[in-house]
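Position one of the sequence shown corresponds to residue 6 (my numbering), numbered consecutively onward. Beta carbons are placed, not taken as given, at the ideal position from N, Cα and C, and that holds for glycine. Data block below; observations after.
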Amino acid sequence: MKITFIGGGNMGEAMLAAILARGLSSKGAITVSDISESRREYLEQKYGVSVTSDNHEAIGGVDVVILAIKPQQLAEVMAGLNEEFRSPQLVLSIIAGARIDTLCQGLGYRQIVRVMPNAPAQIGEGMSVWADTAEVTREQREWAGSILGAMGKEIYVDDEKCIDMATAVSGSGPAYVFLFTEALTSAAMHIGLSYEIAQELVQQTVLGSAHFMQRSDKLPAELRRMVTSPGGTTAEALAELEKGQFAELIKQAVTAAYNRAKELGS
Ligand SMILES: NC(=O)c1ccc[n+]([C@@H]2O[C@H](COP(=O)([O-])OP(=O)(O)OC[C@H]3O[C@@H](n4cnc5c(N)ncnc54)[C@H](OP(=O)(O)O)[C@@H]3O)[C@@H](O)[C@H]2O)c1
Numbered sequence: 006m007k008i009t010f011i012g013g014g015n016m017g018e019a020m021l022a023a024i025l026a027r028g029l030s031s032k033g034a035i036t037v038s039d040i041s042e043s044r045r046e047y048l049e050q051k052y053g054v055s056v057t058s059d060n061h062e063a064i065g066g067v068d069v070v071i072l073a074i075k076p077q078q079l080a081e082v083m084a085g086l087n088e089e090f091r092s093p094q095l096v097l098s099i100i101a102g103a104r105i106d107t108l109c110q111g112l113g114y115r116q117i118v119r120v121m122p123n124a125p126a127q128i129g130e131g132m133s134v135w136a137d138t139a140e141v142t143r144e145q146r147e148w149a150g151s152i153l154g155a156m157g158k159e160i161y162v163d164d165e166k167c168i169d170m171a172t173a174v175s176g177s178g179p180a181y182v183f184l185f186t187e188a189l190t191s192a193a194m195h196i197g198l199s200y201e202i203a204q205e206l207v208q209q210t211v212l213g214s215a216h217f218m219q220r221s222d223k224l225p226a227e228l229r230r231m232v233t234s235p236g237g238t239t240a241e242a243l244a245e246l247e248k249g250q251f252a253e254l255i256k257q258a259v260t261a262a263y264n265r266a267k268e269l270g271s
């Protein structure tokens, strides 16, 4: 599969590394187009891929073009590539908030997949949610699924609205987990643990619980009940979280993220 990246930043590099690691393409068949000279040098040296600063030249004759630039760079990039794509090329965009309609109009092309990945994709533990246009063929869908599968889990949705919802859950989700981790670490220090011990306890607890949940056939609520004895320490802590309306607060946070995702895409 011949692949071109427009934008070789953090996420572009993560996808590039995953594609090479899975053998979905080879370094000789990958081009990265990036305006940053230092990024080009770095990616060429580290992965042996071709690099250029000419987006137009980079897209010629390739199967998949991955748009991995920042949202504020999209309008300029689209203007430079308008009506330049030829079927069966697939355009796969990971740009947050960029709607399929906007991409179709801006590029004058309709074989487009829109993806919302998340930060753990950078280590192959991502969650990508994706949608496409009716013009995307079965083969192109397979290309997209295999590229996204190389970065972790992927879910195809047939309604683009789900992408805004996923943005508020899996897209922003890593930040919620990091915040929870920070809060638990500072609470551990508040009751007297050193930073080093607190950090280790919290990280391993978050990781261990996530793996435990994944490998168990029980629902999270059942697992929670399993580790909560009546009148015990966990019950005492959970009662405090309930008093502070923890679940309601999470609902409000996710709804705010969802509303913002809709606003940014409109
Ligand atoms: N990072 C995440 O966890 C995450 C999660 C979900 C979605 N995304 C989406 O992924 C996209 C990429 O994010 P990122 O974190 O990888 O961004 P990034 O690190 O800023 O990478 C973008 C790269 O594109 C280059 N660039 C700018 N203008 C260009 C142009 N006209 N032509 C070619 N290259 C150009 C940038 O160079 P300069 O630095 O010189 O501008 C930079 O090297 C974003 O749209 C974001 O919404 C990211």
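Pair within 7 Å by beta-carbon distance, ALA136 and GLU159: no
Contact the segment 143-157 vs the segment 184-193: 3+ CB pairs below 8 Å: no
Simplified DSSP state of SER214, which is helix, strand or coil: helix
Straight-line gap, GLU130 to GLY53 (C-alpha atoms, nearest Å): 24 Å
Three-way DSSP call (helix, strand, coil) for GLY131 in this model: strand
Residues near MET16 in its chain [Cβ-Cβ closer than 8 Å; skip 5 each side]: Counting only Cβ-Cβ distances below 8 Å, and skipping sequence neighbours, we find ALA73, ILE99, PRO122, ALA126, GLN127.
THR172, DSSP secondary structure in three states: helix
Endpoints, the alpha helix (DSSP H) within which ILE232 is located: Reading off the sequence, residue 232 comes out as Val, not Ile. Looking at the DSSP string, VAL232 is not in any alpha helix (DSSP H), and its letter there is neither H nor E.
Outcome for ASN60 when other beta-carbon atoms lying within 10 angstroms are tallied against a minimum of 16: buried
For MET83, three-class secondary structure by DSSP: helix
Cβ neighbour criterion (16 or more within 10 Å) applied to THR142: exposed
Closest Cα partner of ARG119 within the set ILE168, SER41, GLY12: Minimum Cα distance to ARG119 is reached at ILE168.
GLU49 versus LEU189 - alpha carbon distance: 41 Å
GLY270 versus ALA22, GLY12, THR107, residue with shortest Cα-Cα distance: THR107
Assigned secondary structure, VAL96 (DSSP; H/G/I helix, E/B strand, else coil): strand
Segment limits, alpha helix (DSSP H) that includes GLY270: 251-270
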